[in-house]
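For the sequence shown, the residue numbers in the numbering used here are 39 to 239. Virtual Cβ for every residue (Gly too), placed ideally from N, Cα, C. Source: prediction; values computed, not measured. Taking it in order: structure first as structure tokens, then the write-up.
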Amino acid sequence: MKKNRRRRYLIEGNFQLRFILRFVLVIIGATLLSTGAIIGVFYFKYKFGGADLNNLIIMVTPEGTTNVASLFEIVLVPLIGANLLMLAIIVPFSFLYSHKIAGPVYRLEQSIDLLLSGNTDFMIMLRKKDEFKYLADKMNALVDYLRRNIGEVKISYRMVNERVNRIYNLLSSGTPEIDIIKNEIEQLYRFFSERKTPFSY
39 MKKNRRRRYL IEGNFQLRFI LRFVLVIIGA TLLSTGAIIG VFYFKYKFGG ADLNNLIIMV
99 TPEGTTNVAS LFEIVLVPLI GANLLMLAII VPFSFLYSHK IAGPVYRLEQ SIDLLLSGNT
159 DFMIMLRKKD EFKYLADKMN ALVDYLRRNI GEVKISYRMV NERVNRIYNL LSSGTPEIDI
219 IKNEIEQLYR FFSERKTPFS Y
């Protein structure tokens, strides 16, 4: 089977969306906890220290200009901006990473369907940066094992079927020749004695 060139980034839609949602929720939860902890430290430090977070702070830049802002704005606004920036980075990253997982899962699912339909003439090919390469290698080894053994079983079946039909036709004739029948049985015995047992590779 030819290498599957996956151009669609949304392959297993439900899986990828669930993955992204859970990943983002974890990041949001961790961000909210860290933000709350930082704000809490400032709040208790200044509130119970006799100061107020709404007190104005005058900031003088190296150019000599002045900016007036509350301590609350100085702390909260950068935190919100940093969190939004983090989400803007995390969401595309989780989407791309989920593609590296969903692609191989989709490919393995297709391969199992092919095996269930009796097709063993294929090989699983994943991209260089895909996950689950070790699983694809084991799956390819299994497919090769089944291909060789199923082929051996088919050859054995054809051989047995041909010999049995010949023996049956000889026995059905008016005067069966024992030597010919014996030769057919010997050929059948030799066939199996010279071959490995199926599924012993």
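- Taking a contact to require three or more Cβ pairs closer than 8 Å, the segment 53-67 and the segment 120-132 qualify as touching.
- Rounded to whole angstroms, the gap between the alpha carbons of Y172 and F61 is 24 Å.
- Nearest neighbour of D168 by Cα position, chosen from T69, R186, I216 and A140, turns out to be A140.
- Counting every other CB atom within 10 Å of its CB across the protein chains shown gives V181 a total of 16 or more, marking it as buried.
- The Cβ atoms of I218 and L208 lie closer than 7 Å to each other.
- By the criterion of at least three beta-carbon pairs nearer than 8 Å, the segment 67-84 is not in contact with the segment 140-153.
- Scanning its chain for C-beta atoms nearer than 6 Å, with the 5 sequence neighbours on each side dropped, one finds no residue around A179.
- The distance from the Cβ of I188 to that of M177 is about 16 Å, inconsistent with a contact at the 8 Å cut-off.
- T213 sits in coil when the DSSP states are folded into three classes, being neither helix nor strand.
- In the structure shown, L123 falls within a helical segment according to DSSP collapsed to helix, strand and coil.
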